[in-house]
Each structure stands twice: as C-alpha cells, then as structure tokens.
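Count along the sequence shown starting at 1, add 1194, and that's the number in the numbering used here. Remarks on the structure that follows.
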Amino acid sequence: MVSKPFNVLLKGPLLPQRLQDNLDAHFATSRLWQQDDQAAWLAQHGASIDALVTSGNALMGANAALLAQLPNLKVICSNGVGYDAIDIAAAEARGIVVTNTPGVLNSCVADTGMALLLDVARRISASDRYVRAGEWLAKGRYPLTTKVGGKVCGIVGLGGIGKELAKRAQVFDMDVHFYNPRSRPDVPYTRHDSLLSLAKQADFLVLTLPGGASTHHLVNAEVLRALGPKGFLINIARGSVVDEQALIAALEAGEIAGAGLDVFEQEPSVPAALLTRDDVVITPHLASSTVETMAAMADLVFENLLAFSQGEAVLTRVV
C-alpha cells in the first residue's frame, strides 16, 4: 500500500464507483466536481496534486488549461481507450505519463458495433416500434429489410476493436475489407489504400478509429456519397469522426440507406433531425458499458496508478 500523501484528483462523476472506492482506499483523493468553486480550489490545492484520474471523452478529459493548474502533476490515468479530450502534447511536453485502458473493452464495443449493424439493416428497433404502435394490425406486414450475409463490411481503423468486429462480421458470412493508415500483414482481409475506395466497395462502413484532430470529420459528404444509397454507416468510434450535418443531409437526400450511431459530436446532445428517423439507430455511447467491462477498465486504471505510485512501469502507457 502507498502512503496517503500521494494526492489523486478525480475529474468527474462518470468514474465508476468501483474505481473511486479503490482510489479512496489507497490514496489521498479529491473530487473536482464536488467543489463549489473549482477555479478557487485548483488555485489553492492544484500544486499538491500528483495524479489525475479522468476519461478521454469530451465531458471529462484534461485540457491544457487544467494541466496548467496542476504544476506538479506526474501522471494522468484515463478510464477508457480513447484519449482525444486529453491534451497529449501538453502532457508529453511536461513529462507527464498518460495511461488508458485498451484491450479490456474491445469485445463489448465490437458487440455493439455488430448489434447496430444488424439492427439498422434488419430494422429491429424500427419494427419493434411498428408493432407497439399497433401498425402491424392496421397496416399489415412490415416492409422488406436488408440481408447482411454476403455483404461487404468495411472497417475503418483495424486496431483491437476493428479486429474483433471483423471476427463477428465473418461469423455472419460478411466479406471484410478495411482501411488503415498502416499496413496490417497479420490479417487476411482486403485492404484499401483510401477511405473513399473502401466506402465505394462497402455495404456497411464501420468506424472503429480514434478521435482527435487527425480524424476530425474524416467521414464527410464525399465519403457518404461514395458509400451510396444502399450503404449504411456504423459509428462506434468518436462523434467527431463524422460530419453530422453532412450525415443528416445524406440521409435526408437518400444518399445512404441508414446509420447506427453510438457516439455524437456534442454528447449528450443528439441532433433533432436524427431522432425522428426510422433508418437511424441511436444508442447513448454505451458500447463499453457492461458490468464486466466497466469493472475491468476500473481495475486497469487502478493498477496503472498503483504501479506508478510505487515507482514501477505502468501497464498501458500512451506517452
């Protein structure tokens, strides 16, 4: 057990209770969201903080302004695989170690991606609403939907989550293609040299790549037109990867067949134009939100911080 003077700041209430309890038991913890005047609290106590525990989504993160108020910060432990809301450049410039939680959430995120794909193709959620509204009785048989087997599943970003998604797509007899900036000689799937090339070939374009400046609005109007009127977009990556206004325009114009979305540009806000469409399936950024995955992520955050505080190498270092 480490000594209490190792001071840990918890950024927001989205952190799992399991993680908070472990941190409380081993460190001197403070909760930023509980402070009535956060700026005043940071001005008084920021210099004493050794570690920051946060997550990489837009509601949490760690921007340059916050890091500047923590002049003696040594490590940032993020509860999540993405870290686009953490200023990595600022952390690296100061020698601050940053960790995340890769691997432990791959399976559940891939499950969600496949579920969204199946739902939007076969109209599971839409047909459920059809029955509940009494329309089966009033109108009869639900309109025909789209077969998944034999179609091309185009995966953008073939990392850990992408590879898990590919395995699931193959089980459904799909032909897996992918676009990845780096070559992947370890996989048997068809690689495309550009996102446009993949979009033109894909029946389902599934996004599993990181967020951040380099991928901001990577999926734009041109990509959506390439996907075409029979193509579906599935996003389990980050909302910032898709130009939402271009997506709405493409759906309204019939330029794509539909979308399955777990992430959005301004969470938890979802554009009203998406909420009323039966060709769009929406979930509230829950891809990794299972009891088992949340526990594994929380434990990995704690293990990283414990290792760092004891002078040992962290398990999953970003920088």
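Glycine included, every Cβ here is placed at the ideal spot set by N, Cα and C. Please read all numbers here as calculations on a predicted model, not as lab measurements.
DSSP places isoleucine 1282 inside the alpha helix (DSSP H), whose first and last residues are 1282-1287. Here glutamate 1329 is exposed, its C-beta having fewer than 16 other C-beta atoms within 10 Å. Taking C-alpha positions only, valine 1413 is separated from aspartate 1397 by approximately 15 Å. Annotation for glycine 1454: the continuous beta strand (DSSP E) segment containing it runs 1452-1455. If you look at phenylalanine 1398, you'll find it in the beta strand (DSSP E) that goes 1398-1401. Cα atoms of glycine 1505 and valine 1400: separation of roughly 40 Å, rounded to the nearest angstrom. Serine 1482 counts as buried, since no fewer than 16 other beta carbons sit within 10 angstroms of its beta carbon. In the three-state reduction of the DSSP assignment, asparagine 1201 falls in the strand class, which pools E and B. In this structure, phenylalanine 1502 sits near valine 1291, with a CB-CB distance shorter than 8 Å. Closest in alpha carbon position to asparagine 1201, among Leu1208, Arg1212, Pro1207 and Leu1226, is Leu1226.
Rounded to whole angstroms, lysine 1424 and alanine 1451 show a C-alpha spacing of 5 Å.
Of all alpha-carbon atoms in Gly1351, Arg1316 and Val1303, the one lying nearest the alpha-carbon of lysine 1341 is that of Arg1316. Counting along the chain, the unbroken alpha helix (DSSP H) around asparagine 1216 starts and ends at 1211-1220. For asparagine 1429, the enclosing beta strand (DSSP E) starts and ends at 1426-1429.
Taking all protein chains in view, the Cβ of valine 1365 is surrounded by fewer than 16 other Cβ atoms within 10 Å, so the residue is classified as exposed. The Cβ atoms of leucine 1352 and phenylalanine 1372 lie closer than 8 Å to each other. A contact between stretches requires three or more CB pairs, one per stretch, nearer than 8 Å, and the stretch 1461-1477 fails this requirement with the stretch 1283-1300. Between leucine 1246 and leucine 1264, the C-beta spacing is below 8 Å. Contact between arginine 1362 and alanine 1431 is ruled out by a C-beta separation of about 16 Å, above the 8 Å threshold. Selection Val1298, Arg1511, Phe1426 and Gly1343 evaluated against leucine 1392 yields Phe1426 as nearest (Cα-Cα). Each residue's CA atom was taken as its position, placing isoleucine 1270 and leucine 1480 some 23 Å apart. The DSSP-derived three-state label of histidine 1371 is strand. Cβ-Cβ distances below 7 Å link glycine 1255 to Thr1248, Ala1279 and Ile1280 in the same chain, with the five nearest sequence neighbours on each side left out; the list follows chain order. Contact between valine 1381 and lysine 1357 holds: their C-beta atoms lie close to 7 Å from each other, under 8 Å.
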